[in-house]
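First up is the structure itself, then whatever we jot down about it.
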């Protein structure tokens, strides 16, 4: 893939634009405690990029209690988690944008690259509003309209389609292993933000959002 072939960018939200993954983790930790599932960093990492119901099912599978939860019970638990998360999101400000991301988005706009958001979070539009970044995004994929969540490629394939681009014309940016898998399966170029050993399947890896620049991407391609 050549840099000159790239025509659009598709970004995840959590851990790429802002550390909302920390807020998700705080909310899920309370739910895990409620269903008596031991909480640990590995579980928090496994939940990154995963949809709401899939996250709850993962927490329940990791639990020690062999209780069968009905669909109604699960819906109630996910709604409780979402309420906790929204309370945290409402306290966000532009100061919560990760270092270098505002500058990166400015450079994409200056160079006329369309941008889509591909987040598993249904609250992504609210987060962008709190961060004052809504106007940067030409399209936002609605996860409620998708059949499958990450690592399925549907969300990133949909992002490319909404931008009117072919997958091979897009770069996807993620901080989770399941997200990188989704980008690659969609036929797009993947950029991982974070530890290389976690995001080993990414085509390009940056340890920190400060390194995410068009110039650095061009050098890596």
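In full-length UniProt numbering, the protein residues as written are 1 to 221. Note that beta-carbon positions come from the ideal geometry of N, C-alpha and C, so glycine has one too. The model shown is predicted, which means the values in this text are computed figures rather than measured ones.
Check your understanding: Any idea which residues DSSP pairs residue 14 with across the strands?
Key -> 18
Check your understanding: Expressed to the nearest angstrom, what Euclidean distance is found between the alpha-carbon atoms of residue 166 and residue 115?
Key -> 14 angstroms
Review point. Starting from residue 182 and walking both ways along the alpha helix (DSSP H), at which residues does that stretch end?
Key: 177-185
Check your understanding: Hey, residue 10 and residue 206: beta-carbon distance below 8 angstroms or not?
Key -> no
Review point. Short check: CB of residue 48 to CB of residue 14, under 8 angstroms?
Key: yes
Exercise for review: Say whether the region 137-157 touches the region 180-189, bearing in mind that this needs 3 or more beta-carbon pairs closer than 8 angstroms, one atom from each stretch.
Suggested key: yes
Point to revise | DSSP state of residue 29 mapped onto helix, strand, coil | key: helix
Check your understanding: So residue 118 packs on residue 172, CB below 8 angstroms; how close in whole Å?
Key -> 7 angstroms
Review point. From this set, 106, 122, 7, which residue's C-alpha is nearest residue 52's C-alpha?
Key: 122
Review point. Does DSSP classify residue 104 as helix, strand or coil?
Key: helix
Point to revise | Presumed contact (8 angstroms Cβ cut-off) between residue 180 and residue 199, rounded CB distance | key: 5 angstroms
Practice item. List the endpoints of the continuous alpha helix (DSSP H) containing residue 78. Key: 71-89
Exercise for review: For residue 153, count neighbouring C-beta atoms within 10 Å of its own C-beta (all shown protein chains included) and say buried if the count is 16 or more, exposed if not.
Suggested key: buried
Practice item. Express the C-alpha separation of residue 142 and residue 86 in angstroms, rounding to a whole number. Key: 18 angstroms
Review point. So, helix, strand or coil for residue 190, using DSSP?
Key: strand
Check your understanding: Over what stretch of residues does the beta strand (DSSP E) that includes residue 117 continue unbroken?
Key -> 115-117
Review point. Would DSSP call residue 9 helix, strand or coil?
Key: strand
Point to revise | CA nearest to the CA of residue 144, picked from 134, 163, 124, 137 | key: 124
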